[in-house]
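Scroll down for the structure; my scribbles are underneath it.
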Amino acid sequence: MVVKFFVTFIMVTGLFCTVTLKLPGTLLILLGAAFYGAVTGYVSAAPWLVALLVLISITAEVGGRVLRLYLTRSYSVSPVFSANCTATHLAGMLATNALLGPLLGLAVWELVAGKTLLPRGDTVTSVLLRLAGVACFRFACGLIMIVLIHMYLFLP
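The structure is reproduced here in structure tokens:
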């Protein structure tokens, strides 16, 4: 029971890693399944399951990167700039609101830094939406892997 809990924890961590750009979440899910097989000595009678899990993992990792490059190729801002710009803009608004109060902090932040984001706001939003689509694709692949692992490794 402890092994199943630990392996499920590894796989859920991998599932959360699928929504990031840099972390290979599906490989972590695959590692969790391999760890379960090594610890319990359970060898799947279905080699198609192992092949399917590896194929889904490769599709999610390589296909996700290719899809991200394809969807964001025609924009003048990079995906990293879009994510960093949005995160720092929100963090700056929160910091000035905490220091100066809600109204004055928002006004100061928008006067000082908001005007740099505004001209590229549409482009940054478009890139972020496309990155979110790629993250959903990788998340769906990871979720399918976890469901298959639980159905064919944990339940029998």
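Each residue of the sequence shown is one higher than the one before, counting from 108 in the numbering used here. For glycine and all other residues, C-beta sits at the position ideal for the given N, C-alpha and C. Quick caveat: nothing in here was measured; it's all calculated off a predicted structure.
- It is roughly 15 Å from the alpha-carbon of D229 to the alpha-carbon of A239.
- Shown here, R180 sits in coil according to DSSP, grouped into three states, outside any helix or strand.
- Cα atoms of L255 and L236: separation of roughly 29 Å, rounded to the nearest angstrom.
- Within its own chain, the residues whose Cβ lies closer than 6 Å to the Cβ of L156, once the five positions on either side in sequence are excluded, are Y259, listed in chain order.
- Between V109 and F142, the CB-CB gap reaches or exceeds 8 Å.
- Going by beta carbons, T125 and F246 fall inside the 8 Å limit.
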